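Here's the structure, in structure tokens; my notes come after.
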Amino acid sequence: MAMLLRKVLESVTSSSPRFKTENRQRRQVFVVDSSERGFEGLGGTLDRIPADVFMQILKSVGPKEAARASLVCKSWQFLISDNRGSGYCKYGYSKYAAPSGRSATFLEFGNIESPMYSRLRHFFATIYSRFGVLPFGLAYLYIRMQVKPSKYPTVVSIPICHYDDTESAKAARRQLKETIYSVLFDMNVPAVCAINQATLALFAARRISGIVVNIGFHVTSVVPILRGKVMREVGVEVLGQGAVKLTGYLRELMQKNNINFDSLYTVRALKENLCYVAIDYEAEMQKDTQASFEVRGEGWFTLSKERFQTGEILFRPRMGGVHTMALHQAVALCMHHCQASEVTCDDGWFKTVVLAGGSACLPGLTERLEKELRTFLTPSMSEGIRVIPPQYGAESAWFGAKIISNMSTFRDSWCMTENQFRQKSRRSFITSW
Numbered sequence: 001m002a003m004l005l006r007k008v009l010e011s012v013t014s015s016s017p018r019f020k021t022e023n024r025q026r027r028q029v030f031v032v033d034s035s036e037r038g039f040e041g042l043g044g045t046l047d048r049i050p051a052d053v054f055m056q057i058l059k060s061v062g063p064k065e066a067a068r069a070s071l072v073c074k075s076w077q078f079l080i081s082d083n084r085g086s087g088y089c090k091y092g093y094s095k096y097a098a099p100s101g102r103s104a105t106f107l108e109f110g111n112i113e114s115p116m117y118s119r120l121r122h123f124f125a126t127i128y129s130r131f132g133v134l135p136f137g138l139a140y141l142y143i144r145m146q147v148k149p150s151k152y153p154t155v156v157s158i159p160i161c162h163y164d165d166t167e168s169a170k171a172a173r174r175q176l177k178e179t180i181y182s183v184l185f186d187m188n189v190p191a192v193c194a195i196n197q198a199t200l201a202l203f204a205a206r207r208i209s210g211i212v213v214n215i216g217f218h219v220t221s222v223v224p225i226l227r228g229k230v231m232r233e234v235g236v237e238v239l240g241q242g243a244v245k246l247t248g249y250l251r252e253l254m255q256k257n258n259i260n261f262d263s264l265y266t267v268r269a270l271k272e273n274l275c276y277v278a279i280d281y282e283a284e285m286q287k288d289t290q291a292s293f294e295v296r297g298e299g300w301f302t303l304s305k306e307r308f309q310t311g312e313i314l315f316r317p318r319m320g321g322v323h324t325m326a327l328h329q330a331v332a333l334c335m336h337h338c339q340a341s342e343v344t345c346d347d348g349w350f351k352t353v354v355l356a357g358g359s360a361c362l363p364g365l366t367e368r369l370e371k372e373l374r375t376f377l378t379p380s381m382s383e384g385i386r387v388i389p390p391q392y393g394a395e396s397a398w399f400g401a402k403i404i405s406n407m408s409t410f411r412d413s414w415c416m417t418e419n420q421f422r423q424k425s426r427r428s429f430i431t432s433w
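Mapping the sequence shown onto the UniProt record's numbering, position 20 (from 1) lands on 20, and the numbers just tick up by one.
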């Protein structure tokens, strides 16, 4: 089967005159024109292949052939450059304007029962040797990064997990962080900065204190942060729905209304390009909200009320069959906990709410959340509340890391060297005895 899929890809790429020209000029570098005009000349041969079949082709071929596919297929360019709500890790040099590429998270590497160290080692080794996508004028350069770990300090975004302030949760967070340090130092990385994902998203918004609402792949986290420190003793709220649930609910609505589609890639594309959050749900129900969008390779789709009903489950989760708090209720509860904790004399530090994650980019979400908070909270509590939209979407953590890594104090104040880590580990070992 893999051989058959390879032959399909080879037959299409070899028939493209554009590829032959580019291959003679750049044997080590692959160029993709980002303009639609460039793709029209190719005819979009692979775009007529169903998305799930196309993904099987990409899985069966090597990175070189996959990069070649980007020259003849708009869908591959779309997949490689789209990170909104993807559940993927973004990576790249901090000197560039955007991430160089993306990869599955380390949790997907190897058997889930295999040691965390081996999965992390596999993950980082893959990142350091991957193909990257770098901007080059109006085009993209596809290059094999082949980064030498010993040459560059590394900033690692730690996922928002083990939310509680219990001893077991602290131990789990400490184990994850120490394993990350161990793996990278064993790979000869000179210095490592491992920092929480929510904190990086807050830094990307040019803030050091506030509440980060991260609509992740599977869950939504409401994280209070004071001066760059996650206030777990105050309480992190976790809602059992994220980008996957939003996509799944839109699929249910489309099936209910007899709107045919080939795969979840189609549903996700419609969610990202047509869906929005209504400021007033009941008033929106009375309007004509019909709109259409062309999904590459699959044609035009028209949605109406599904456009705003999808995002409504964030505020009315029972509509989607989810038994959890509404988004504004979770944020309000976090604010009450922050006020009651009296950790600082400044009672306004928690009134800045920063949205993060791909699904947080839904139009209208910022205004709706602010409106619901002002209605739900008392006037004294709601005074001064500000909700900040995600400027970088699902890439917020990467841009937060970019900001701190370009600071003059980065190496001295933010990073840990191998010697510092080994000394700290020895002290911890001695203390435990």
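Backbone N, C-alpha and C define an ideal beta-carbon position, used for all residues, glycine too. The structure presented is a predicted model; accordingly, all values stated were derived computationally and were not measured.
Close beta carbons around residue i, own chain, < 7 Å, minus the five adjacent residues each side
i      : result
Val240 : Checking the sequence, you will find Gly at residue 240 rather than Val. The answer, listed in chain order, is Val219, Val322 and Thr324.
Phe421 : Tyr181 and Phe185
Ser292 : Trp300, Phe301 and Thr302
Phe410 : Ile404
Phe124 : Val183, Leu184 and Met187
Gly228 : Thr199 and Ile208
Leu226 : Ser209, Val343, Thr344 and Trp349
Gly248 : none
Arg316 : Ala326
Thr126 : Ser103
Ile215 : Gly242, Ala243, Gly357, Ser359 and Ala360
Ser382 : Leu373 and Arg374
Buried versus exposed call for residue i [16 or more other C-beta atoms within 10 Å across all chains shown]
i      : result
Pro224 : buried
Tyr96  : exposed
Trp398 : buried
Thr166 : exposed
Ser413 : exposed
Trp433 : Residue placement at Trp433 is poorly supported in this model, since its pLDDT is 43, which falls under 50; the coordinates still yield a value, given next. Flag for Trp433 reads exposed.
Glu237 : buried
Ala191 : buried
Arg251 : buried
Gln309 : buried
Glu272 : buried
Arg296 : buried
Asn196 : buried
Lys245 : buried
Tyr117 : exposed
Pro99  : buried
Asn419 : exposed
Gln151 : Looking at the sequence itself, residue 151 is Lys, so the reference to Gln does not match. Looking at its Cβ environment, which holds fewer than 16 other Cβ atoms inside 10 Å, Lys151 is exposed.
Lys402 : buried
Met254 : buried
Ala394 : buried
Ser425 : exposed
Neighbourhood of residue i by C-beta, 6 Å cutoff - its chain only, sequence neighbours within 5 removed
i      : result
Ile385 : Lys351 and Leu373
Met231 : Pro224
Phe376 : His328 and Ala332
Val222 : Val213, Glu237, Ala330, Val331 and Cys334
Val189 : Pro149 and Thr154
Ala205 : Val354 and Ile388
Ser396 : Ala201, Ala204, Ala356 and Pro390
Thr417 : Ala191
Asp164 : none
Closer than 7 Å: residue i CB and nearest the ligand HEM heavy atom
i      : result
Glu252 : You won't find the ligand HEM in this model; it holds no ligand whatsoever.
Whole-Å CB distance - residue i paired with residue j, under 8 Å assumed
i      : j      : result
Ala201 : Ile158 : Actually they are not in contact, since the Cβ atoms of Ala201 and Ile158 sit about 12 Å apart, beyond 8 Å.
Asp347 : Gln339 : 6 Å
Ser341 : Val234 : 5 Å
Glu306 : Asn257 : 7 Å
Gly311 : Leu362 : 5 Å
Ala269 : Ser359 : About 14 Å separates the two Cβ atoms, so there is no contact after all.
Tyr128 : Val156 : So it is not a contact: roughly 13 Å between Cβ atoms.
Bridge-paired residues (DSSP) for residue i
i      : result
Tyr91  : Gly101
Ile158 : Asn196
Arg386 : Thr352
Leu239 : Thr220
Ala394 : For Ala394, which the question treats as bridged, DSSP gives no partner whatsoever.
Val277 : Answer is none; Val277 lacks a bridge partner.
Leu226 : Lys229
Ala291 : Leu303
Met416 : Val192
Asn214 : Ser221 and Ala356
Neighbourhood of residue i by C-beta distance below 8 Å, restricted to the same chain and skipping five residues each side
i      : result
Ile279 : Gly364, Glu367, Arg368 and Lys371
At 4 residues or longer, what runs of the alpha helix (DSSP H) sit wholly inside the stretch 330 to 371? none
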